[in-house]
Every structure is written in structure tokens, then in C-alpha cells.
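Engineer: This structure is in C-alpha cells; I'll ask about it shortly.
Quick look at the structure:
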């Protein structure tokens with residue numbers, strides 16, 4: 001088992017022990033201050049914490065927050081105080097998490113906001129799904145205000161609790177946990193007054209629904225993707241039409257690497273056997289995972305040298321050392337030998353180099369051609385969207401850099417230069433979890449640091465297609481393929 005897998009396994013085992021769902025109890029300020037200092041100490045590990053906020057302003061934010069922790073408070077109150085420190089770094093791999101069991105407890109006690117929402121690039125808020133029985137508000141209606149607070153103000157205010165590089169990705173995070181952000185802003189709710197626009201402006205008080213009903217509705221809405229992820233196979237292949245196939249990768253967080261290798265080999269065998277000339281690779285909604293899986297896929301579709309990353313810069317820190325010591329206390333990291341492969345952590349440097357050192361690597365990511373069985377040499381199409389992040393957006397960057405095919409959809413939420421290899425820490429008294437990036441990654445052919453990978457052909461879903469659950473991006477891609485096939489047939493005549 002590779003070190004990264006061991007670390008993730010041990011961390012998950014550590015935080016999933018005996019749990020006390022007492023998130024609403026007041027915690028003494030002395031204990032919270034200890035948690036606070038542990039969290040602040042994690043910032044030392046970040047390779048570029050002052051890109052978006054100056055050192056002086058970050059220290060000012062830390063000091064002002066420290067001064068507010070002067071009385072007992074709940075874990076939720078503490079979470080609201082400390083989260084803006086991490087989010088000020090504007091890094092999607094640096095976050096603060098409220099314990100999931102406490103969120104579940106709150107949802108069971110309060111009920112859950114019954115709608116699935118969508119936030120546009122203009123920060124307009126729409127209802128695109130309903131998990132409850134109240135059908136007063138039609139799907140596709142725009143929410144103008146919530147309990148008298150305009151949607152734009154609400155989104156702006158809760159952004160302080162969201163870690164992101166781009167607003168388009170931020171919006172997907174808010175959508176995913178919308179009722180939690182309602183809780184952060186309004187406090188405990190059992191119902192909420194919505195002002196909305198459909199044919200005209202209306203107001204309606206919406207009752208929260210039972211947690212179990214909400215879970216059932218979400219599972220039904222996302223049943224296939226959830227099923228594939230739960231069985232640790234977040235990928236699927238199907239023949240869409242004659243000569244055209246679709247590879248959907250829900251996530252690159254693939255636990256069984258050998259199973260994925262077998263899947264790819266079998267898939268490309270079928271592609272060759274079935275005479276597939278056009279392959280669509282869909283990483284929409286894929287928020288990342290392990291870059292080594294990206295590398296393995298690329299070898300089937302490219303016969304060139306390529307780089308999965310142009311460069312990495314890992315920061316050596318005492319915080320990172322302590323992370324490894326705590327996660328695997330029986331390992332002597334100073335004398336242990338770890339083999340290095342692309343996309344693995346240089347643990348040796350963490351322990352032998354001086355804190356503050358930036359360990360830069362480039363050659364590690366060079367990928368010479370590999371002769372794979374059943375290599376694909378047809379037309380490639382990559383589908384991306386605003387929720388394509390981390391490993392999937394870096395896959396899109398490599399795909400673009402080496403001109404492997406056409407990219408269709410909308411700009412990725414992940415950027416061309418980003419941070420990764422996050423370390424985690426569960427705070428002892430509040431049980432809040434801090435996540436801090438330790439490495440800065442540069443995708444191939446990067447230029448602008450703070451922009452995502454943009455498609456060759458922009459196709460975005462509309463509110464109408466989202467409500468109807470119509471895949472406008474895939475349908476448009478199939479039309480493009482059909483036109484290309486016809487043009488080639490005409491050229492042969």
C-alpha cells in the first residue's frame with residue numbers, strides 16, 4: 001500500500017471512532033482557544049498563504065478572531081468564527097469542516113430545506129428540484145429573497161464560509177449544502193419565507209421536510225452516480241450509438257487502482273472490437289481524486305510524451321511533520337525509506353529539509369509513451385463544467401495542452417495553478433476538521449493562474465434543461481460528432 005493510501009486510511013479510521021453528537025453544547029473558551037491555536041498553526045504548511053491576502057491582514061484577522069473567543073460557545077458558533085481565516089486564502093483545497101454527524105443531527109431535529117437549487121454565474125438563485133410534497137412553487141422559479149434577505153446578499157454573506165478559487169465553483173458548493181448555509185446565516189429554522197418569481201412575484205412560507213424524506217429524494221435524484229461511487233467504481237462505459245461511446249468518470253478518487261486498470265483495458269478492447277471512432281470522456285461534476293488515475297487513462301489515448309503536471313512546489317513545515325507523526329506514530333519517518341513515483345508525496349524531504357524550504361519538482365511528472373493493448377486512435381471529446389475540479393480540471397489542462405481532442409461544456413471550477421496534497425487535523429475539543437494544502441501544482445501549458453480550463457465549444461445548461469433533466473451538453477456533442485461523420489463520408493465520395 002502506498003503512503004498516501006495509508007495516510008488516508010489511518011485518518012479516516014481516527015475520525016470515525018466513538019462519536020458524541022453534542023455539537024450544540026457550550027465548550028469552555030479555554031478549550032476552544034487550544035483548538036484555535038492548533039488550527040492557526042496549520043497555516044505554516046501552506047505554500048503560498050499570502051497570494052490573496054497580505055500577511056499583515058491575515059494576522060489582523062487571526063488576532064481579531066482570537067479576541068472573540070472569550071466565553072463558552074457551541075461548536076457551530078466556533079466554526080462560524082474560525083472558518084473565514086481559512087477561506088481568506090481562497091484555496092479550494094484549504095477548508096474547515098463541521099462534523100458530519102452533527103450536521104445529520106441538526107437535520108434530523110430541524111428538518112431540511114426541501115428544494116434542490118442552482119446558482120447561475122450571475123449569482124441568481126433558482127429552484128430546479130423538489131424533494132417535498134408542497135408544489136406551490138413551480139420548478140424553474142427564481143428565488144428573490146429568503147426571510148426578507150435578497151438572494152444576492154445571502155450568497156455574498158455566506159461566501160466567507162466557502163473555500164474556492166473561482167465563484168463558479170463556490171456556487172456549486174453552496175448548492176450542495178444549501179440548508180447548512182441557511183443554518184449558518186439564519187440559525188435554526190423549521191420553515192422559511194421565500195419571495196420568488198415565476199409568472200410574477202409571489203411569497204410562500206415553505207416548511208422543512210423530514211430528514212429521511214430528504215435523503216430518499218436526493219438518492220432518487222442522484223441514484224446511479226451514488227450507486228457507482230458507493231461500490232467504489234465511480235466510472236462507467238457505454239456505447240451511445242454506432243461508432244460513438246461514452247466514458248463517464250464521476251470521480252478520480254478511485255480506491256482500487258488495479259480494478260480501474262482492468263476496467264480501462266477491457267473498455268478499450270470493446271472499443272476496438274465495436275469499431276468505435278469517437279470517444280466522449282465526461283468529467284463534469286468530477287471534483288478530483290488521484291492524478292495517477294488520470295495518467296493511466298492518458299496512456300491509452302496518447303502516443304506522445306506528456307506531463308500530467310508542469311511543476312510542483314511542496315512546502316516543508318513543522319506542521320506537516322507533525323501531521324505524519326500523528327497519523328502514523330509507529331513509523332520512524334527520519335530513517336524510513338519511501339519509493340518515489342509521480343503524484344506521491346516526498347516524505348523524506350518533509351523530514352530532512354529545513355522548515356520553510358520549497359521543494360520544487362518537474363522531471364518527476366514526465367510521462368514517456370507506453371505501448372498499451374487496445375490503444376485508441378479515434379476522435380476524442382472531453383466534457384467539462386464548473387464542478388470539474390482538482391484532478392479532473394488538471395486532466396482537462398493536459399488534454400488541452402497536448403491537443404488530444406475537442407473540449408466541450410463550460411469553464412472548469414478548478415484552476416490551471418492550484419494547491420493540493422492537503423493535510424487534515426481534527427480539533428480535539430470542537431471536533432471541527434481543518435484541511436490545509438501543502439503543495440502548489442502547475443498544470444501543463446498554464447498561463448493565467450486564476451482561471452479555469454475553458455472549452456473549445458461553450459455549451460451550458462439552462463434552467464429549463466436542468467429542470468427537465470435534459471443533458472444539453474452531451475446532446476450537442478453528439479450532434480457535432482454526427483456532423484463530422486457526415487463531412488468525412490462526403491469527402492470519401
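Residue numbers (the numbering used here): 1 to 493. Note that the Cβ used here is the ideal one computed from N, Cα and C, for glycine as well.
1) Would you give the residue range spanned by the beta strand (DSSP E) that residue 237 belongs to?
2) Please classify residue 349: does DSSP put it in a helix, a strand, or coil?
3) Could you spell out the range, first to last residue, of the beta strand (DSSP E) harbouring residue 205?
4) Compute the distance between the beta-carbons of residue 164 and residue 83, then report whether it is under 8 Å.
5) What residues in its chain sit with their C-beta under 6 Å from that of residue 362, if we drop five residues either side in the sequence?
6) Where does residue 554 fall in DSSP's three states?
7) DSSP three-state label for residue 437, please.
8) Just to confirm before moving on: does the CB-CB distance between residue 294 and residue 268 stay below 8 Å?
9) Tell me the rounded alpha-carbon separation between residue 271 and residue 376.
10) At a cut of 8 Å, does the segment 207-217 reach the segment 107-117 through at least three beta carbon pairs?
11) Within a Cβ cutoff of 8 Å, which residues of the same chain sit near residue 446, ignoring the five residues on either side of it in sequence?
12) Who are the Cβ neighbours of residue 478 in its own chain at under 6 Å, not counting the five residues just before and after it?
13) Taking the CB atoms as reference points, tell me whether residue 174 and residue 155 lie closer together than 8 Å.
14) What did DSSP end up calling residue 217 once you bin it into helix, strand or coil?
15) What residues in its chain sit with their C-beta under 7 Å from that of residue 21, if we drop five residues either side in the sequence?
16) Quick one: grab the DSSP three-state call for residue 302.
17) Can the beta-carbon of residue 41 be found less than 8 Å from the beta-carbon of residue 328?
18) Enumerate, from N- to C-terminal direction, the unbroken beta strand (DSSP E) stretches of 3 or more residues contained entirely within the segment 408-463.
19) Buried or exposed for residue 181, please, with buried defined as at least 16 other CB atoms from any protein chain shown within 10 angstroms of its CB.
20) Can the beta-carbon of residue 99 be found less than 8 Å from the beta-carbon of residue 72?
21) Near residue 141, which residues of its chain fall below 6 Å by C-beta distance, leaving aside the five closest residues on each side in sequence?
22) Can you name the residues that DSSP bridges to residue 191?
Structural biologist: Checking against the coordinates, here is how it stands:
1) 235-241
2) helix
3) 201-207
4) no
5) 311
6) Within the shown structure, residues of the chain are numbered from 1 to 493, placing residue 554 beyond reach of any answer.
7) Note: residue 437 maps to coil in three-state DSSP.
8) no
9) 8 Å
10) yes
11) 310, 397, 416, 417
12) For residue 478, there are no CB contacts under 6 Å within the same chain when 5 residues up- and downstream are skipped.
13) yes
14) It is helical.
15) With a pLDDT of only 43 at residue 21, under 50, the local geometry of the prediction cannot be trusted, and the value read off the model is given with reservation. These residues qualify, in order along the chain: 101, 102, 105.
16) coil
17) no
18) 417-420, 423-426, 433-436, 439-442
19) buried
20) No. Outside cutoff.
21) Correct list, in chain order: 127, 196, 198.
22) The bridge partners DSSP lists for residue 191 are 207.
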